[in-house]
Each structure stands twice: as structure tokens, then as C-alpha cells.
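Read the structure below first, then the notes.
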Amino acid sequence: MEKTYQPQSIEQPIYQRWEDEGYFSPQGSGAPFSIMIPPPNVTGSLHMGHAFQHSLMDAMIRRERMKGKRTLWQPGSDHAGIATQMVVERQLAAQNITRHDLGREKFLEKVWEWKGQSGGTISDQMRVLGDSVAWDKERFTMDSGMSAAVQEVFVRLFDEGIIYRGQRLVNWDPVLHTAISDLEVISEEENGFMWYFRYPLADGEKTADGKDHIVVATTRPETMFGDAAVAVAPDDERFTDLVGKFVELPLVGRRIPIVADEYVDKEFGTGCVKITPAHDFNDYEVGKRHDMPLINIFTDDAKINENAPEKYRGMDRFDARKVVVEDFDGLGLLEKVVDHKLKVPRGERGNTVIEPYLTQQWYVAVETLAKPAIEAVENGDIQFVPKQWENTYFSWMRDLQDWCISRQLWWGHQIPAWYDAEGKHYVGMSEDDVRAKYGLAADLELTRDEDVLDTWFSSALWTFATQGWPEETQDFKDFSESDVLVTGFDIIFFWVARMIMMTLKFTNKVPFKTVYITGLIRDERGDKMSKSKGNVIDPLDLIGGIDIESLVKKRTYGMMQPRLAEKVEKNTRETYPEGIQAYGTDALRFTLCSLASGGRDIKFDLNRLEGYRNFCNKIWNATRYVLMNTEDQDCGQNGAEAELSLADKWIISRLQHAEEAVNRAFDTHRYDLAAQALYEFMWHEYCDWYLELSKPVLWDENATPAQLTGTRRTLVRVLEAFLRLAHPMMPFLTEEIWQRVAPLAGVEGETIMLASYPEAEEAKKDAQSEADVEWLKGVIEGVRNIRGEMNIAPSKPLDVLFRNGSEQDKARLEANLAFLQKLAKLETITWLNAGDEAPMSATALVGDMEVLVPMAGLIDKDAEIARLQKEIDKAAKDLERIEGKLSNESFVAKAPEAVVAKERAKCDDLKLMVSKLEEQKASIESL
RNA sequence: GGGUGUGUAGCUCAGUUGGGAGAGCGUCGCCCUUACAAGGCGAAUGUCGGGAGUUCGAACCUCUCCACACCCA
1 MEKTYQPQSI EQPIYQRWED EGYFSPQGSG APFSIMIPPP NVTGSLHMGH
51 AFQHSLMDAM IRRERMKGKR TLWQPGSDHA GIATQMVVER QLAAQNITRH
101 DLGREKFLEK VWEWKGQSGG TISDQMRVLG DSVAWDKERF TMDSGMSAAV
151 QEVFVRLFDE GIIYRGQRLV NWDPVLHTAI SDLEVISEEE NGFMWYFRYP
201 LADGEKTADG KDHIVVATTR PETMFGDAAV AVAPDDERFT DLVGKFVELP
251 LVGRRIPIVA DEYVDKEFGT GCVKITPAHD FNDYEVGKRH DMPLINIFTD
301 DAKINENAPE KYRGMDRFDA RKVVVEDFDG LGLLEKVVDH KLKVPRGERG
351 NTVIEPYLTQ QWYVAVETLA KPAIEAVENG DIQFVPKQWE NTYFSWMRDL
401 QDWCISRQLW WGHQIPAWYD AEGKHYVGMS EDDVRAKYGL AADLELTRDE
451 DVLDTWFSSA LWTFATQGWP EETQDFKDFS ESDVLVTGFD IIFFWVARMI
501 MMTLKFTNKV PFKTVYITGL IRDERGDKMS KSKGNVIDPL DLIGGIDIES
551 LVKKRTYGMM QPRLAEKVEK NTRETYPEGI QAYGTDALRF TLCSLASGGR
601 DIKFDLNRLE GYRNFCNKIW NATRYVLMNT EDQDCGQNGA EAELSLADKW
651 IISRLQHAEE AVNRAFDTHR YDLAAQALYE FMWHEYCDWY LELSKPVLWD
701 ENATPAQLTG TRRTLVRVLE AFLRLAHPMM PFLTEEIWQR VAPLAGVEGE
751 TIMLASYPEA EEAKKDAQSE ADVEWLKGVI EGVRNIRGEM NIAPSKPLDV
801 LFRNGSEQDK ARLEANLAFL QKLAKLETIT WLNAGDEAPM SATALVGDME
851 VLVPMAGLID KDAEIARLQK EIDKAAKDLE RIEGKLSNES FVAKAPEAVV
901 AKERAKCDDL KLMVSKLEEQ KASIESL
């Protein structure tokens, strides 16, 4: 084996072999266990969040597979309507072609062509990450099977009256010309203005303070053409008398009423709000309450339409805004303009300001679907982890809006609706089906709805449509009710909830039993990773490494603003002066698992990754040691006689505890604790102690073959078990090593992937050995402490004496002489009986027993006094606290007996310790 | 404004039913000891955000205040 761990050279060949052998596909006859991948956007690439979620999903699926389950991790991607269409349109634009030039059919051919070329990016990344997904079952939301399911669902929901066509306000992208979902709208605070407009009162009315106008404050002057009323708070005394009166809308000359509505905040602005029901979501609601007309003043491009005075028609909304303000000013109706911060809704894709816009769209009436979806979580059929998120789910489900599912795009599932010349719609599986279903004449002209469905509509069917539904296939039966969904909290609404609704509706099953919500991976400073901030880390760069120049190039590529690019470059060079090293997939996966503690935000710290890369190296080197000492030797595979040492029994016992801890952590979705338990066991028990304890046996010329076999057997067996235990989190390293170690451990199998997952065995726990090793460690650490504090080189052999030891101490000493000599580097050990003289020594306490290191020539008197004083102070502080506790009568009276007894014992120990240390100090001082 | 969450060592974070404050990284000292310097051994480090309450006992439960983050309006 190489001297250091080189992940690059082992990882991909192993993956290739796994894939070729078909290990990822469901197999065996165990109970089914499935995870459906949240289908990534086909235009994208995997980011840290994906790497995080995939690491967890793969860990789960690998463990269940090893436990003998028939596992399916379903891969696939979604067709990402807008994003994909835009990518292809941009390519066409480079050749000066629009999609309209091509026409729908040709354009869609181009999209499929593009998908064929670029759609593989994500699968390639997943292979690098080691994802054990069933590639032969990979699905795309535009596959024919998915399309059939989508159509089936649409038609059935329509026939039940759950899908309907209606006119509502939607988020309209005036550049892309489509409705978009709330998710695709990003509202962020921007600097703007609040304009104060005077609206003259009609019919000679006056305000309470004698003015002939009221003042409305608005951030969107141009929408005033669509004003339907002015609203005031019902309890606002300033305007009580004006409710029911009218104002004359300037520039338009229309009379609009003054109404009272709860929506208005008295304190905000002037207390008078212009209500534009066709162009604002809140106003729409107000308008509905007061039966106001919906006056749409925009075209699809957000230009002023014919409902506004002629002068303004055809103006862009922002040009119109300027002109309206100027005209108000000219009329003396502009009271003031103040700076104002406001949330501006922008489209995620084109950064266009999104317009609330009145259009005909298809909707899903969600009320009847929501009820069972809420119940499924209430009654525990579906559980969120961490449980906290159930509240988020409920709060959204209780306040549901009907779901707008149509999009004015070409790329997506075309809506199976046809219109006759009068615009009446018919829904069915095909035009023929529609004619038959509705009894339409063969010569009646029908045109199909041009629009497509929201991408989320098809992803909502993901768990069952991927498994063959509407056919009752075996896969559907086995896997469609999946076990765990792993996803981020940002799509609980958009995806998780909708999946639950649709799946319950059409299959009467839940889509998943557990929803594990991951935290959001942030950069080292706690900022969200985003392209525009230039702080994105590509998981593949952590795995394969990247030099600083390439990293800067990658991060600033395509940045429009040079100033921003400069800043990004500076930050990048500061944070990664040397670029990023290659840490390997296993280290990354293990790191990500160790960060999965259930928190909301996760700062990604490269030091952590480095630490776990070092852990990989530690495992690697421990293996080298094991192989050096076991290869070509008898490790008991063939049943040779084996005698287990104390260390052997101890590490076997500790392994049971580790197995227990890891399994418990997995079962409770605490992957951080599982990682911690693996780390702790491997590094601090197996490597730090057990390997060292194995040396005195293996290097003992007088060791019997049975003793040698016992230790070799334990070395390989415990390592082999650890590899299986760790495999779900670090698949490559463990496979590489397992291939060599398993035969020595007498374990057969082609791959660790299909080996059994370790479970603790109660019978292998050995409390006596654990106590004995604790004693051994106490002695060794005592001596090491003296060495360290006194600056005695580790290489210098020491003579030590044991004083005031019990029979048990003596027995332990005799049994473990070799261990002690090797690990504490001792020349001689002398047992002192009562009354024996001891030289002046530095002392370590192990229980009541004193371990003495003679000072002559080694130890400075003052230094030893100082060291003892430090120990005394520490013990005395503890003692003081405990004595205080015990002298408190109510503590002794009311605390549980066991607690009191424990404190008493501790108190006695400390007293003894302090007195011994004091004694020792005094005797040195008297020298 | 409404809701949710977070605040523990210099940094990143654990802390399971209230009963001895922990880990990793970093820091300091010693050491190339035949698996590993991506290492070994040893050491230092905390008014557990502030305050009040419940309790024999609070990092943990209750209230309140402060700071920060996110979601919704």
C-alpha cells in the first residue's frame, strides 16, 4: 500500500466496478427500502447542498442495503420548464434566432438535443460522489411514462372539478411572458421612493381639517390608472366622515369611492391607500371585499394599455411612472417624494420586476387535497425530522391558495385541453378522446391549449410516477411508498407538500414516511452561497482540488459588473491563497455527515474537511500496520487456536459500544453523532490504544502461537467490522481496504457494499476488561503526564515504583507488565510492600495506588512541587464544590439516594487524593 | 408587525429524562519511538448572551430583556 492515502487513485475505478456489477439495483428478497432523489434541475449542476443531501441519502441507502433490505435509490432529474427554455433560447439568440422563428415543434427538438448533450453533467457528478443510485431506473420528468402519469392526473382532477380554469392575479414575467410560481419570485429590499399624491375630493367635500383633497402614498404611481377606490382604516377618525364619498382620479377623471377596510394601517403613509385590485395582491383582496371593478392597465409586456388615457398608452411601466409623477407635479398634486425602502419582486431567472397581472390560468383547488395531507402528518404517517418543521408545514397548509399550474412556455407537459371556436374547453387524454368523451362532432374545429404545466406539477408525482403508475407494477407496490425524503426546508411548500397531496390522492399511500430536512450549507463566513456573491464552492473542487487561478476564473466567469468581479477575486484569493487541495470524496462525505446535526445553518469550514481527510489517512495507515503484521500469517481464519489478550478483549468490547452508538445515531437521523462515534472509536481507541497494545504481543519473542493468532485475529476482525460500520459514510476507502482485509478476517464476499452491517453483540461486551484497561491507561497516562510536565524525552526509559497498591493493583500489574513497559517506556517496575523505602519521586495517582518516578537526575524539585500544586488546586476546587453540596441538608434529604452516594464517594476519593498529593508535596519540600 | 430558530473554549459545533462543562480545528511545550509529521505525547482555555424565577440542584424547565438569522406580511 502507498504510504499516504491517495483518494484520486482509488475512487473512480471502484465506482466503475460497482456500477458494472449492478450492485446499485434492487436485489435480494429482503423488505423493500427506498429513497426517491429530489430530482435536480436538468440545467444545473450539483452544489454543496446537493452533495450534502446525497451524502446522507447514500449513507442511509448503503446501510439499509447492507442490512439486507431490497433497496432502491431512485435517480433522475426534472425538466425545469423556464430554466431550460431560457438556456436553449439563449443559444438560439447567439445565432439571431428566436423560438418563434423555429416554431414549437422544431424548438422542442432543439431542447431535447440540448438535453442529450448536457443532461449528463449531474449524473457524472453523482458518480464522483459515489451515489449508489439505480441507474437503470433513472427517470426524467419529461419521459413518456411521466408524461402519461401527468396527463392522467390532470384529466382525473379536471373531471372531479378540482382543476379549473379561472381569472386571477398571478406573478407575471413581462419579459418571458409567462406566469411563474411564488418560488421563482425573489423579493428583496431595494431603495425606492414613496410618492405622495393629492386626490381631489369630488362633490365639494372637505376633509376634517378643511382640505379639498386627500393624500395617498404610493410606491407605484403608474398603477393609478387602475385605481378602483381609496381605502382608509375603519377606526381612523380623520376620515370617518369621508367614507362613502368620492374622489376624482386625476389624469383619468374617473370618480372612485372612499371605502373603509381593515387592510389599511393608520400609521403607515397618510392613512389613505389607493386600491388597484388588478395590480396588487393585497388590493385584489380588498377589491373583492368591496366588489370593486378590476381595471387592468397593462399589456403582456407591462406597457400601458387602452384602459388608460391615450397619452400614456404604449408607454413602458417605468417610463409611465416618470410621466405620471411629472404630470401630478404639473397639476400641483404632487405633495412630496420621500426615499423609501421597499421589497421589489424579481424573477429568479431574468431578474425582471414581476408584475401581479390578471390572466386566465389553470388552477388546482387544493382545499380537498390539503385535508388528508395535513392529517397524514398529524397522525404520524409522515414524520418530519427535525420535528420542528411540522409547524412550518402546518402553517402553510392551513393557509393555502389555489395552485396556478399553467405556464406560458413551450417546454413542459402541454396541457391536455382543447378549445372550440367559442373558447369553450374540453379536457381529455387526446383530441379523439375529447371528441368521444364530450360527444363533439367530427368536424368541430378544436385547438389545443398552447400552455404547459408547472414543473412542480410533474415533480409532485415523482414518487409514484417513477414506479410505473398508473400501472400496478411490482416496483409501484414495493417502492412508491418510500422511506425517507431528504431535502431542504426551502421546498417544503413547493414540493414536499404537493407530493403529499398528490400521492395521497392518487395512490392512497404516503409518498414517504419520514421527511429529513437538512440545514443550508453556507460559506466559511456564514453567508449564503450564491453565484453573484462569488462564494460558491463546487463540491467537485473539494474532491479533486483546484488551483487558485482556475478558482478565480470560475468564480468571476460571466460576471457583468467588473467591480463585483474584482471583489470576488479579492475575497477568493484571501480565503484560498493556495487554491483548494484534493481531499477526496470520502473525506467530503464524512465531513458533510458530521455536519448533519439538525441545525438550520451550516458554515462550511475547510479545516473540518482537512481534519477528516487526515482521518482517512489515519485509517489508511492503521490498515498498513495491520496488513504488515497479518498478511501471510495465521489470523485464525482456519480455526487455529487463538488466545485473546486483555487488549483484544477490550477492543472487541469497545467495538460493540461503537456499533451500538453508530446504529442508534443512524436510527435517529443523527449523522453527526454517527460520524463522531466512528471517529472516536477508530482514532482514539483502535489506533491510539489498541494498535499500541498489540505491539508488545506481536513483538514478543516468547509469545505463543495462540497468543499471536489471537492478536492478529483481533486486529483484522475489528478493522474489518469497523470498515463495514463506516462504509455508508466513506464508501471508497472502506471498499479499497476491505478487499484486502476481509479475506484475512475470514469474511467472504465480492464487495463491502453487500456485506452485512455490524450489530452489537451483548456477549462480546466485557466490563472487566474495560476496567482493567482503564487502570492500565491510568498508569500510562500518569507516567506520560510526568514526562510531559518535566520535559523528559519520550525515548528515555524510566524506572518506576508502585506504592500502596491493593491486591488487585498487584494482579493487574503482573498481568500487564509488558503493556506497561512498552507504552510508558519503562526500564524497570518495582512493587513496594508496606514499609519499603522509596526514593524521592514525582508521583501520579491511580486510585489509591501511587506511581513513583524517582527524581534523581531527572526531575527538578521546584517543577515537581509546582506540578503537584496544580493537581492539588484542581482537586481541591472540585472537593470544595462537592463538600458544599453534601453539607446542604436539603440536598442530602431530597436528592435521590444514588446521586448522594455518588457525590459521597467522589468526595472521599478527592479527599484522599488531596491528602496524598499534599503529603507528597511536603516530603519534597522538606528535602 | 406576525412566526420560527440560534446565542456553550480563539474558530466550527456536540451536550439524549435537570445531578461531575465536551469534541474537532487552532494555540503552547516536547518528540522523526520500526502504521501514520495528513503523525505521537503532554498542557492551557469557558460569569454555557444578560437578568429573574421554579428546584436540594439549571447549559437544560418558566418568564423577561438583548443580539443575530430566516420565513410570512
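Its first residue numbered 1, the first sequence is counted upward by one per residue in full-length UniProt numbering.
Even for Gly, the Cβ is constructed at its ideal location relative to N, Cα and C.
Legend entry - Distance between D159 and K509 (C-alpha atoms, nearest Å): 22 Å
Inset, instruction - Report buried or exposed for R255, applying the criterion of at least 16 other Cβ atoms within 10 angstroms of its Cβ. - result: exposed
Inset, instruction - Please work out which residues of its chain come closer than 6 Å, Cβ to Cβ, to D825, disregarding the five sequence neighbours upstream and downstream, and give them in chain order. - result: It is worth fixing the name first, because residue 825 is Lys in this sequence and not Asp. Taking K825 as the centre and dropping the five residues before and after it, the same chain places the C-beta of P797 closer than 6 Å to its C-beta, in chain order.
Legend entry - C-alpha distance - T178 paired with W495, whole-angstrom precision: 20 Å
Inset, instruction - Would you identify the three-state DSSP class for W172, choosing helix, strand or coil? - result: Three-state result, W172: strand.
Legend entry - Reduced DSSP category for A665 - H, G, I as helix; E, B as strand; rest coil: helix
Inset, instruction - Taking S406 as the reference, give the member of A436, W362, G439 and S29 with the closest Cα. - result: Ranking the options by Cα distance to S406, first place goes to W362.
Inset, instruction - With DSSP as the reference, label H290 as helix, strand or coil. - result: Helix.
Inset, instruction - Name, in chain order, the residues that DSSP records as bridge partners for H340. - result: G192
Legend entry - Pair within 9 Å by beta-carbon distance, P356 and H290: The Cβ-Cβ distance between P356 and H290 does not fall below 9 Å.
Inset, instruction - Would you check if the region 121-131 and the region 85-99 touch, i.e. whether three or more CB-CB distances between them fall below 8 Å? - result: no
Inset, instruction - Spatial neighbours of I500 within its chain, please: CB distance less than 8 Å, with the 5 preceding and 5 following residues excluded, ordered by chain position. - result: A373, A376, V377, I382, V510 and P511
Legend entry - Residue ranges of each alpha helix (DSSP H) within the region 838-862, 4 or longer: none
Legend entry - Where the beta strand (DSSP E) through L331 begins and ends: That residue, L331, is in no beta strand (DSSP E); it is neither H nor E in DSSP.
Legend entry - Which listed residue (W689, Q676 and A658) has its alpha carbon closest to that of K764: A658
Legend entry - P345 - DSSP class collapsed to helix/strand/coil: strand
Inset, instruction - Inspect the CB distances between the region 417-430 and the region 462-478 and report whether three or more fall short of 8 Å. - result: no
Legend entry - Opposing strand residues paired with N41 [DSSP bridges]: D78
Legend entry - Nearest neighbour of I162, chosen from R168, F154 and L169 [CA to CA]: F154
Inset, instruction - Classify I548 as helix, strand or coil using the three-state DSSP reduction. - result: helix
Legend entry - Inside the region 178-259 only - alpha helix (DSSP H) runs reaching at least 4 residues: none
Legend entry - Other residues of its chain near Y583: CB distance less than 6 Å, five sequence neighbours each side excluded: L542, L609 and R613
Legend entry - One or two residues paired with K603 in a DSSP bridge: R522
Inset, instruction - Determine, using beta carbons only, whether E578 and I548 come nearer to each other than 9 Å. - result: yes
Inset, instruction - List the residues that DSSP assigns as beta-bridge partners of T828. - result: D799
Inset, instruction - Could you pull the start and end residues of the alpha helix (DSSP H) that H50 belongs to? - result: M48 to M66
Inset, instruction - Determine the direct distance from the alpha carbon of T218 to that of K343, and round the result to whole angstroms. - result: 13 Å
Legend entry - Within the region 616-650, ranges of the alpha helix (DSSP H) (whole runs, at least 4 residues): none
Legend entry - Segments of 4+ residues assigned as alpha helix (DSSP H) that fall wholly inside the region 396-445: 431-438
Inset, instruction - Determine the contact status of A202 and R238, defining contact as a CB-CB distance below 9 Å. - result: No. Outside cutoff.
Inset, instruction - Under the assumption that T572 contacts R555 (Cβ atoms under 8 Å), give the Cβ distance between them as a whole number of angstroms. - result: Contact holds; Cβ gap of about 6 Å.
Inset, instruction - State yes or no: is the C-beta of S132 within less than 9 Å of the C-beta of P539? - result: no
Inset, instruction - Measure the C-alpha to C-alpha separation of D634 and E113 and round it to an integer number of angstroms. - result: 60 Å
Inset, instruction - State the Cα-Cα distance for the pair D667 and V286, rounded to the nearest angstrom. - result: 50 Å
Inset, instruction - Quick one: using the 10 Å Cβ neighbour count with 16 as the cut-off for buried, is H684 buried or exposed? - result: exposed
Legend entry - Identity of the residue in A421, W396, L453 and G439 nearest I415 by Cα: L453
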